[in-house]
Amino acid sequence: MTTFELRNLDECLEKHLPAEELKEVKRILYGVEKDNTLKLPESAYKTAEQNGFEIKGYSFEARPEELRKPRLVRIGAIQNSIALPTTAPIEKQREGIWSKVKLMIKAAAEAGCNIVCTQEAWTMPFAFCTREKFPWCEFAEEAEHGPTTKMMSELAKAYNMVIIHSILERDMEHGETIWNTAVVISNSGRYMGKHRKNHIPRVGDFNESTYYFEGNTGHPVFETEFGKLAINICYGRHHPQNWMMFGLNGAEIVFNPSATIGRLSEPLWGIEARNAAIANSYFTVAINRVGTEKFPNEYTSGDGKAAHKEFGPFYGSTYVAAPDGSRTPSLSRCEDGLLVTEVDLNLCRQVKDFWGFRMTQRLPLYAESLSKAAALDFQPQIVREK
1 MTTFELRNLD
11 ECLEKHLPAE
21 ELKEVKRILY
31 GVEKDNTLKL
41 PESAYKTAEQ
51 NGFEIKGYSF
61 EARPEELRKP
71 RLVRIGAIQN
81 SIALPTTAPI
91 EKQREGIWSK
101 VKLMIKAAAE
111 AGCNIVCTQE
121 AWTMPFAFCT
131 REKFPWCEFA
141 EEAEHGPTTK
151 MMSELAKAYN
161 MVIIHSILER
171 DMEHGETIWN
181 TAVVISNSGR
191 YMGKHRKNHI
201 PRVGDFNEST
211 YYFEGNTGHP
221 VFETEFGKLA
231 INICYGRHHP
241 QNWMMFGLNG
251 AEIVFNPSAT
261 IGRLSEPLWG
271 IEARNAAIAN
281 SYFTVAINRV
291 GTEKFPNEYT
301 SGDGKAAHKE
311 FGPFYGSTYV
321 AAPDGSRTPS
331 LSRCEDGLLV
341 TEVDLNLCRQ
351 VKDFWGFRMT
361 QRLPLYAESL
371 SKAAALDFQP
381 QIVREK
């Protein structure tokens, strides 16, 4: 029996709606009044076609200002499947993924991207579902001096782009502990720093707390040549306070490298990063992997389902949202892809001025309320009929 797979919601709409209806539906769904498709260089399309991945381009504009020039930045967001079966040697699996993603970064450079971000734990299968330590812990590597950062540093320097890549980190200075970590490399090729995942899931097949706990790096914002960037790794997108803290620290673009599956989270996917962009007056980039990954041994989920070997499908659907609430269409739900988005960072301040969310957010009130809520003797503020 063949299971129907919807490749892309946007293409489905384009296939079935008349032009005038489609235009109005897109205005309502995406908040865009006119076509914001971004024409990319032919070389980028050619690289994508030759190597079997999707490439799309879109743009967001800001109002012209008298005192500030436009701050145009091109963002590249990469979603991909694994390259080899999970039974292949660890080094071969990693090299296979490296090979395909290096070509996608090449296309991003050809498309003029200033910043590129990968999906969560991009160098490996998302094997944390298995709860097996071996061989999956062998994918862990040092954030600053590991082989993946070395390779990405060379690409960042060669292409003059900032690269954010998410790995399983081995902290050699603190007992060889494992973390879920995003590494930031400047366009000079230098290591800028890292951020560790703040919120760890304990739901369904996402057994990540077997491998690593909540991060200890706070909410860092990386000031680069192309803007102030932050990374809210995967499950952190479910926590509004996590998004808020990156905004308070000055982020203009917050990336959300993820690995999440259809039946669990797809109804939430298009809402959370977009809502964060609105609430915090910055751009968000939601990135998810694609494909179904099969592991050698059966594992259980703790939810009554039969033991199984497959994890997925991961539904891709990478998109970018703007502070004014508009967003791009998504990449495919089932194919490797590169989403290129040109943004004007001036829009962040313009939206702050228009909506006044920062002016009206009342941090002292919430600081007091949260301090009370965190206390052991907390009593909820509930009013009952006497």
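Just so it is clear: in the sequence shown, position 109 is 109 by UniProt numbering, and no numbers are missing.
Idealized CB from N, CA, C, for every residue including glycine.
Note that the structure is a prediction, hence the values are computed from the model and not measured.
{"query": "Reference HIS165; option with closest CA among GLN50, TYR319, SER330 and PHE255", "result": "PHE255"}
{"query": "C-beta contact flag for PRO125 and GLU293 at 9 angstroms", "result": "yes"}
{"query": "Nearest-angstrom Cα separation, counted from LYS100 out to GLU169", "result": "21 angstroms"}
{"query": "Through-space distance from SER186 to MET1, alpha-carbon basis", "result": "Low local confidence applies: a pLDDT of 39 at MET1 is under 50, so the model's placement there is unreliable, and no value is given."}
{"query": "N-terminal and C-terminal residue of the alpha helix (DSSP H) that ASN275 is part of", "result": "262-280"}
{"query": "Proximal residues to VAL285 (C-beta, below 7 angstroms), its chain only, five neighbours per side dropped", "result": "ILE75, ALA77, CYS117, ILE253, PHE255, ASN256 and VAL320"}
{"query": "Sequence-distant residues of its chain with Cβ nearer than 6 angstroms to GLU154 (five each side left out)", "result": "none"}
{"query": "Which of helix, strand or coil DSSP assigns to TRP179", "result": "strand"}
{"query": "Validate contact between the segment 175-189 and the segment 140-149 using beta carbons, cut 8 angstroms, 3 pairs", "result": "yes"}
{"query": "Under 9 angstroms between C-beta atoms of ASN80 and ARG289", "result": "yes"}
{"query": "Alpha-carbon spacing of LEU13 relative to ASP35, whole angstroms", "result": "15 angstroms"}
{"query": "Length at least 3, wholly inside the segment 301-367: the beta strand (DSSP E) runs in chain order", "result": "308-315, 319-321 and 337-344"}
{"query": "Cβ neighbour criterion (16 or more within 10 Å) applied to ILE287", "result": "buried"}
{"query": "Proximity winner among THR210, LYS228, THR224 and LYS194, relative to ASN216 (alpha-carbon distances)", "result": "LYS194"}
{"query": "Buried versus exposed call for GLU214 [16 or more other C-beta atoms within 10 Å across all chains shown]", "result": "exposed"}
{"query": "7 angstroms Cβ shell around THR47 - same chain, five flanking residues per side excluded", "result": "LEU103, LYS106, ALA107 and GLU110"}
{"query": "Inter-residue spacing [alpha-carbon to alpha-carbon] between THR37 and HIS238", "result": "29 angstroms"}
{"query": "THR148 classed as buried or exposed, judged by whether at least 16 other C-beta atoms fall within 10 angstroms", "result": "buried"}
{"query": "Backbone secondary structure at MET1 - three-state DSSP", "result": "The predicted model places MET1 with a pLDDT of 39, which falls under 50 and marks its position as unreliable; any figure quoted below should be read in that light. Three-state DSSP puts MET1 in coil, outside helix and strand."}
{"query": "Short Cβ contact (9 angstroms threshold) for LEU331 with THR318", "result": "yes"}
{"query": "ARG274 to LYS309 span [Cα, whole Å]", "result": "33 angstroms"}
{"query": "The segment 232-246 in contact with the segment 196-204 per 3-pair CB rule at 8 angstroms", "result": "yes"}
{"query": "Exposed unless 16 or more other CB atoms sit within 10 angstroms - verdict on PHE206", "result": "buried"}
{"query": "Contact check, PHE246 vs ILE115, beta carbons under 9 angstroms", "result": "no"}
{"query": "Continuous beta strand (DSSP E) stretch holding TYR58: start and end", "result": "54-59"}
{"query": "Classification of ALA19 by the beta-carbon crowding that lies within 10 angstroms, buried from 16 upward", "result": "exposed"}
{"query": "Where LYS69 sits in the DSSP three-state scheme", "result": "coil"}
{"query": "Minimum C-alpha distance to LEU345 - residue among LYS228, PRO85, PRO296 and PRO240", "result": "LYS228"}
{"query": "For GLN381 and LEU363, the rounded distance between their alpha carbons", "result": "18 angstroms"}
{"query": "Counted within 10 angstroms of its Cβ, other Cβ atoms place PRO240 as buried (16 or more) or exposed", "result": "exposed"}
{"query": "Helix, strand or coil at CYS117 [DSSP, three-state]", "result": "strand"}
{"query": "Helix, strand or coil at LYS194 [DSSP, three-state]", "result": "strand"}
{"query": "CB of GLU120 within 9 angstroms of CB of ALA277, strictly", "result": "no"}
{"query": "C-alpha gap between ARG327 and MET192, whole angstroms", "result": "29 angstroms"}
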